[in-house]
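Structure record follows, encoded as structure tokens.
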Amino acid sequence: MEMKKKIILQTILFLILIPTLTTAFTYNSKEFKHIISQLDMQGHADHELSTCSVKKIYYDEVVEMLNGGKSENDIIQSYVDEYGQAALRTPGGGTSGWIAWGMPAAGFGIGSVIVGVWLRKLTLKKAETKMSAYKGWESEIEKEIASKTFDEERRKLF
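Residue numbers (our numbering): 1397 to 1554.
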């Protein structure tokens, strides 16, 4: 009787342990999903798996590497070595990562400066044309003659 209990207990433990020892990684594995969420897949990360052949290739490669015993960091690093920081959805650390994060901000800053300088030139040009349209009187005598002419015309009307 006691032997029967030991056999049943060992069978239950064996059935519980075998699936965990021989677990093959699939598309539903937690590790797989975590790795895939970090990869850009050459711009195909947001495509549907059923219609995108590039995404299928990436999925198969990652599952194969996981089942081959590679760690998450090894898989990510192999893609970074092959494609550079463009392999990742978000740039990594290090010098190239900081450059990748800083380029959009630098582009926005430079663009803002260019637009600001252009607007300033445009407003200055408008101000110059307004000033050149009104030249003023060249001499005091012309000013007096024009003033008297205007006064005479006003008196005629009133």
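The beta carbon of each residue, even a glycine, is placed where N, CA and C say it ideally should be. Values in this document were obtained by computation on a predicted structure and should not be read as measured data.
Strand pairing of residue i, partner residues [DSSP]
i: residue 1435; result: 1484
N-terminal and C-terminal residue of the alpha helix (DSSP H) that residue i is part of
i: residue 1442; result: Here residue 1442 belongs to no alpha helix (DSSP H), and DSSP marks it neither H nor E.
i: residue 1545; result: 1536-1553
i: residue 1452; result: 1449-1463
i: residue 1474; result: 1468-1479
Residue i in three-state terms, based on DSSP
i: residue 1422; result: coil
i: residue 1409; result: helix
Proximity test, residue i beta-carbon vs the ligand SAH heavy atom, cut-off 7 Å
i: residue 1412; result: Of the ligands one can find in the structure shown there are none, so the ligand SAH has no counterpart to examine.
Contact belief for residue i with residue j at Cβ below 8 Å, rounded distance in angstroms
i: residue 1435; j: residue 1423; result: With a Cβ gap of about 14 Å, residue 1435 and residue 1423 do not count as contacting.
i: residue 1428; j: residue 1462; result: 6 Å
i: residue 1472; j: residue 1431; result: 7 Å
i: residue 1437; j: residue 1451; result: 6 Å
i: residue 1421; j: residue 1459; result: 6 Å
Query raised in the report: Three or more beta-carbon pairs under 8 Å between the segment 1449-1469 and the segment 1508-1526, yes or no?
Result: no
Report task. Count the C-beta pairs between the segment 1438-1448 and the segment 1494-1504 that are closer than 8 Å, then say yes if the count reaches three, no if not. Result -> no
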